[in-house]
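Quick notes on the structure that follows.
Protein chains in written order, with our numbering: chain X, 150 to 563; chain B, 83 to 344.
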């Protein structure tokens, strides 16, 4: 994008600023627009699960405009702050939450190379930044000068130390299989038929996906892990004292994070922007640069990823309105006593599977082309040699030179 | 066939003379004094200024939670510096470890400030003096050390390709994939597996130690199995238990079993 603008004759700094601005505005719209749609969907799904109709009047038969009406109501609400509150922290907390959620979107790819900033350590960045969202919750709970809020914040603190560990271990498995932390490369490695998704790579990854789902739900504070909010126990938990636009920032952060962890799940386990059937590849198109058809392919990929992430969000809504809330000790038991050992065993299992059955149960059956490690190739004599980035990029994109599987797994242990 | 992209560029470049406003705007933009600025330096100064400013904020604030928050911002700006330098991995590490670690600090701050004396920390003037002297001497030492390196004075060496994290990870498990500097002995090509393992084991020991210290204290109430054991007939052992109240004789072994856990 920036190169295109420079090509138009714009000076570099203007081009880069415009490119950054476009990406930022688009991502902001993903969060804000997504929140509008998802809040409406949540109302409808909750209603259907509880045998109600949900919003039916605002904006036609299905209440399409309900979220918009809610938004206008929130704008018009009085902005209150409790008397004993720490003013600075109270005002800052929603933005901290929202910024953390927003920043993590920067590294999430929506299709091949359709990513705010392609980072070499994309997975790590997303997980690290997503962990910062907790700051907003704890600050809000502390600064509100309310017992309910403080309880919510302390629960959140206890919850965060329990889910972070298994979440990190789940994320490591696709990283290990792909041999890179670059989300774009991880997604590209799952190109092909549905069977090349990491979800179906081996039984261990299938199980660890569900561990990831559990931890992801815990990380976005949704029922059954919504202890920080717990509206039937703590009034509204950490955001009891918030109203109006500040409150809506918390909600945008929550829905943004839901979309983000679902998108991350889609990229890590569900093939990213690759559909279940590689239509584009069967038709002979590729999503590499320099082809007009590539834009169409990428658009389809974008729809794929957004669809998968939306399905993930809907799944979270489904379990929210189905399962009862856990107690804090049950949360810690679930995350630390069950998820962590399961994740550890599955991690070891996936490792050994990769070691002994690198081609899967049916070798040569729908494995993705271009099995190539990022940044370096296996040289003669089993010694790794550094590959130039350009060479790596081109081979990853086209998948043309199907290099012999140069995995860590096949390397003799030293 | 050339791509759509190239055709667009050609079209507009041929059109540019026809559309004077666009051309003049472009010329004006290029002629702005702002255009010649080294944006890398500007962003560096921005992040560095933020980091230093919030660091001063940590010292100047008197509320523990606010201090922790300023520390988070300061460390986050440092992560920004790393990202600016192209060290994505270190930057994400900084976010994960330091900023995430400060979270625990924040939680402790929240828990501590429930008590009145810690809500507002006002150090005495002697404390201020002492810390000022210590901080200033450390700062002067660091500054002299930093400015004594000639290579760090001038501008950067130019654009280098952002390194991937893979060589780092490979080196940690004992395989160096990067080119060693000339003159490195053969043994110099080994990775960092030993330090890595030592640190891992060290952390494991710390974890076990923390779990040991934080473990549930000895039970006051008898466990169900103890209650069951004491409900069992104990007549044969009773005399032995009275003879050996210290519980280390042959009969005492049985009684220790019966009263296990106390």
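Quick reminder that beta carbons are idealized off the backbone N, C-alpha and C, glycines included. For clarity, every value in this text was computed on a predicted model and none was experimentally measured.
- Rounded separation between residue 208 of chain B and residue 145 of chain B - CA only: Taking the first residue of the second chain as position 1, residue 208 of chain B is located at position 126. Taking the first residue of the second chain as position 1, residue 145 of chain B is located at position 63. Approximately 20 Å between the Cα atoms of the pair.
- Task: Please say whether residue 215 of chain X and residue 470 of chain X have beta carbons closer to each other than 9 Å?
- Result: For this step, residue 470 of chain X is matched to residue 321 along the first chain. For this step, residue 215 of chain X is matched to residue 66 along the first chain. Their beta carbons are not under 9 Å apart, which means residue 470 of chain X does not touch residue 215 of chain X by this criterion.
- Message: So, does the region 383-396 of chain X touch the region 317-327 of chain X, judging by three or more C-beta pairs under 8 Å?
- Response: no
- residue 251 of chain X: CB within 8 Å of a non-hydrogen atom of the ligand ZN: Although the ligand ZN was asked about, the structure shown includes no ligands whatsoever.
- Task: Would you check if the distance between the CB atom of residue 275 of chain X and the CB atom of residue 260 of chain X is smaller than 9 Å?
- Result: By one-based count along the first chain, residue 275 of chain X stands at place 126. By one-based count along the first chain, residue 260 of chain X stands at place 111. No.
- Message: Distance cutoff 9 Å, beta carbons only. Does residue 320 of chain B sit that close to anything in chain X?
- Response: Reading the second chain from its first residue, position 238 is the one you call residue 320 of chain B. With a pLDDT of 46 at residue 320 of chain B, under the threshold of 50, the modelled position of this residue cannot be trusted; read the value that follows with caution. Chain X, which has no Cβ nearer than 9 Å to the Cβ of residue 320 of chain B, makes this no.
- Residues of the region 175-197 of chain B whose Cβ lies closer than 7 Å to any Cβ of chain X, in chain order: 177, 178, 181, 182, 185, 188, 189 and 192
- Please confirm whether residue 212 of chain X and residue 192 of chain X have their CB atoms less than 9 Å apart. By 1-based counting over the first chain, the position of residue 212 of chain X is 63. By 1-based counting over the first chain, the position of residue 192 of chain X is 43. Yes, these two residues count as a Cβ contact at 9 Å.
- residue 148 of chain B touches chain X at which residues, Cβ-Cβ below 9 Å? In the second chain, the residue the question calls residue 148 of chain B occupies position 66. 235, 237 and 238, listed in chain order.
- Where the alpha helix (DSSP H) through residue 395 of chain X begins and ends: For this step, residue 395 of chain X is matched to residue 246 along the first chain. Where residue 395 of chain X is concerned, the enclosing alpha helix (DSSP H) stretches over 393-417.
- Applying the criterion that 16 or more other CB atoms from any shown protein chain within 10 Å of the CB defines a buried residue, is residue 134 of chain B buried or exposed? As a first step, residue 134 of chain B must be located in the second chain, where it is residue number 52. Exposed: under 16 other Cβ atoms inside 10 Å.
- List the residues of chain B whose Cβ lies closer than 9 Å to the Cβ of residue 600 of chain X, in chain order. Here chain X comprises residues numbered 150 to 563, so residue 600 of chain X is not present and cannot be evaluated.
- Message: Can you find the residues in the same chain that come closer than 7 Å, C-beta to C-beta, to residue 293 of chain X, ignoring five residues on each side of it along the sequence?
- Response: As a position in the first chain, residue 293 of chain X is number 144, starting the count at 1. The answer, listed in chain order, is 231, 234, 239, 389 and 390.
- Message: For a contact defined as C-beta to C-beta under 7 Å, what are the partners of residue 232 of chain B on chain X?
- Response: Sequence index remark: in the second chain, residue 232 of chain B carries index 150 (1-based). The contacting residues do not exist; residue 232 of chain B stays about 29 Å from chain X at best.
- Task: Give the single residue among B/159, B/191, B/137 and B/186 whose Cα lies nearest to the Cα of residue 291 of chain X.
- Result: Locating residue 291 of chain X in the first chain gives position 142, where the first residue counts as 1. When only C-alpha atoms are compared, the closest one is B/191.
- Message: Relative to the C-alpha of residue 247 of chain X, which candidate in X/315, X/281, X/416 and X/338 has its C-alpha closest?
- Response: Counted from its first residue, the first chain places residue 247 of chain X at position 98. Comparing Cα-Cα distances from residue 247 of chain X to each of X/315, X/281, X/416 and X/338, the minimum goes to X/281.
- Query: DSSP three-state call for residue 446 of chain X: helix, strand or coil?
  - Reply: Taking the first chain and counting its residues from 1, the one referred to as residue 446 of chain X is at position 297. Helix at residue 446 of chain X.
- Query: Straight-line CA distance for residue 237 of chain X to residue 456 of chain X?
  - Reply: Sequence index remark: in the first chain, residue 237 of chain X carries index 88 (1-based). Sequence index remark: in the first chain, residue 456 of chain X carries index 307 (1-based). Each residue's alpha carbon lies about 39 Å from the other.
- What does residue 260 of chain X pair with, by DSSP beta-bridge criteria? As a working note, residue 260 of chain X is residue 111 in the first chain. Paired residue(s): X/263.
- Would you identify the three-state DSSP class for residue 255 of chain B, choosing helix, strand or coil? Taking the second chain and counting its residues from 1, the one referred to as residue 255 of chain B is at position 173. Three-state result, residue 255 of chain B: coil.
- Query: When the cut-off is 9 Å and only beta carbons count, does residue 167 of chain X lie next to chain B?
  - Reply: Residue 167 of chain X sits at position 18 when you count from the first residue of the first chain. Judged by the 9 Å Cβ criterion, residue 167 of chain X is not in contact with chain B.
- Query: Among X/208, X/347 and X/177, which one has its Cα closest to the Cα of residue 425 of chain X?
  - Reply: Here residue 425 of chain X refers to the residue found at position 276 of the first chain. If we check each option's Cα against that of residue 425 of chain X, X/347 comes out closest.
- Query: residue 362 of chain B by DSSP, collapsed to three states: which one?
  - Reply: Absent from the structure is residue 362 of chain B, since the part of chain B shown begins at 83 and ends at 344.
- Are residue 377 of chain X and residue 311 of chain X touching if we call contact CB-CB under 9 Å? To locate residue 377 of chain X, count along the first chain from 1; it is residue 228. To locate residue 311 of chain X, count along the first chain from 1; it is residue 162. In this structure, residue 311 of chain X does not lie closer than 9 Å to residue 377 of chain X by Cβ.
- Proximal residues to residue 353 of chain X (C-beta, below 7 Å), its chain only, five neighbours per side dropped: Start at 1 with the first residue of the first chain, and residue 353 of chain X comes out as number 204. So the qualifying residues of the chain are 495, 498, 499 and 502.
- Pick from B/257, B/151, B/298 and B/292 that is closest to residue 278 of chain B, judged by C-alpha positions: Along the second chain, read from residue 1 onward, the residue named residue 278 of chain B stands at position 196. The shortest Cα separation from residue 278 of chain B among B/257, B/151, B/298 and B/292 belongs to B/257.
- How about the region 479-496 of chain X and the region 294-311 of chain X: do they share at least three Cβ pairs that are nearer than 8 Å? yes
- Query: Going along the region 182-199 of chain X in order, which residues come within less than 9 Å of chain B, judged by CB to CB distance?
  - Reply: none
- Task: For the region 261-270 of chain X and the region 168-177 of chain B, state whether three or more C-beta atom pairs, one from each stretch, are separated by less than 8 Å.
- Result: yes
- In chain B, which residues lie with their C-beta within 9 Å of the C-beta of residue 291 of chain X? As a working note, residue 291 of chain X is residue 142 in the first chain. Within 9 Å Cβ-Cβ: 147, 188, 191, 192 and 195.
- Message: For chain B, check one thing: does any of its Cβ atoms lie closer than 9 Å to the Cβ of residue 417 of chain X?
- Response: Within the first chain, the letter at position 268 stands for residue 417 of chain X. Output row for residue 417 of chain X: interface = no.
- Item | Interface residues of the region 260-289 of chain X facing chain B [CB-CB below 8 Å] | Against chain B - using a Cβ distance shorter than 8 Å - the residues of the region 260-289 of chain X are 268, 269, 270, 273, 274, 276, 277, 278, 280, 281, 283, 284, 287 and 288.
- Message: Could you tell me the alpha carbon to alpha carbon distance between residue 157 of chain B and residue 136 of chain B, rounded to whole angstroms?
- Response: In the second chain, residue 157 of chain B corresponds to position 75, counting from 1. In the second chain, residue 136 of chain B corresponds to position 54, counting from 1. Cα to Cα, the separation comes out at about 9 Å.
- Message: Just checking: is the beta-carbon of residue 445 of chain X within a distance shorter than 9 Å of some beta-carbon in chain B?
- Response: Here the question's residue 445 of chain X lines up with position 296 in the first chain. No, its Cβ sits nowhere closer than 9 Å to a Cβ of chain B.
- First through last residue of the alpha helix (DSSP H) which encompasses residue 123 of chain B: As a first step, residue 123 of chain B must be located in the second chain, where it is residue number 41. Start and end: 121-142.
- Complete runs of the alpha helix (DSSP H) confined to the region 343-380 of chain X [at least 4 residues]: 352-368
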